[in-house]
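K.L.:
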Amino acid sequence: MDRPGSNIFYHPLVVKKDIPRLDRFSVKNIRRVIEAKLGARPEIYGLPLRGTLKKYWKLRVGDWRVVYEIYTPAQAQSVKQGVYKLLGSEMKMQSHFRFARSTSLIKGNDVYVLIIAHRKDVYDLAHKRKL
43 MDRPGSNIFY HPLVVKKDIP RLDRFSVKNI RRVIEAKLGA RPEIYGLPLR
93 GTLKKYWKLR VGDWRVVYEI YTPAQAQSVK QGVYKLLGSE MKMQSHFRFA
143 RSTSLIKGND VYVLIIAHRK DVYDLAHKRK L
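Remember, the working numbering sits 42 above the position in the sequence shown when you count from 1.
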């Protein structure tokens, strides 16, 4: 299946809470992995979750986990209010990530990052934060 690059959207709490908790090295590494893997083929690099989180996927980055959702063309919907998108230089800087509130639409093949957390905390937080 040919797949163009995915747009990556972030839950507001990823920007406000998750990323500021990370050390500089982890932020740099997680950003690189998200851009390279989730931006290209998120269904190949991640693993689907089970149970009540079955519509989400996880990506391991050392001891950190990125929980995300992949939107198919049938699931295209408006971005939730306050969702952020990693973009160009006009964005505010947040520990090596540049973000802006997004007014575009989530389309098919886009990725929505729900949480970035340590492996021991990620699933409890994901249950509280899921859409």
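The beta carbon of each residue, even a glycine, is placed where N, CA and C say it ideally should be. Being a predicted model, the structure only gives us computed values, none of them experimental.
Who are the Cβ neighbours of D60 in its own chain at under 8 Å, not counting the five residues just before and after it?
P.N.:
Result list for D60: I157, I158 and A159, in chain order.
K.L.:
Should I86 be labelled buried (16 or more other beta-carbon atoms within 10 Å of its own) or exposed?
P.N.:
Exposed: under 16 other Cβ atoms inside 10 Å.
K.L.:
Do L95 and P84 have their C-beta atoms within less than 9 Å of each other?
P.N.:
It is not a contact, given that the beta carbons lie outside the stated cut-off.
K.L.:
One question on the structure: do V153 and S48 come within less than 9 Å of each other, judged by their Cβ atoms?
P.N.:
Yes.
K.L.:
Output the boundary residues of the alpha helix (DSSP H) element that contains Y165.
P.N.:
Per DSSP, Y165 belongs to the alpha helix (DSSP H) from V164 to R171.
K.L.:
How many Å lie between E111 and R74 at the Cα?
P.N.:
Each residue's Cα considered, the two are about 18 Å apart.
K.L.:
Does the Cβ-Cβ distance between N71 and V109 come in under 9 Å?
P.N.:
No. Outside cutoff.
K.L.:
Just to confirm the assignment: which complete alpha helix (DSSP H) runs, minimum length 4, are found wholly within the region 59–101?
P.N.:
Listed in chain order, the complete alpha helix (DSSP H) runs (minimum 4 residues) inside the region 59–101 are 66–75 and 84–87.
K.L.:
In its own chain, which residues sit with a C-beta less than 7 Å from the C-beta of K97, not counting the 5 before and 5 after it?
P.N.:
Closer than 7 Å at Cβ, skipping near neighbours: E111.
K.L.:
From F67 to K162, what does the alpha carbon distance come to, in whole angstroms?
P.N.:
Spanning the two alpha carbons is a distance of roughly 19 Å.
K.L.:
Taking the beta carbon of R92 as the centre, do at least 16 other beta carbons fall within 10 Å, making it buried, or is it exposed?
P.N.:
So R92 counts as exposed.
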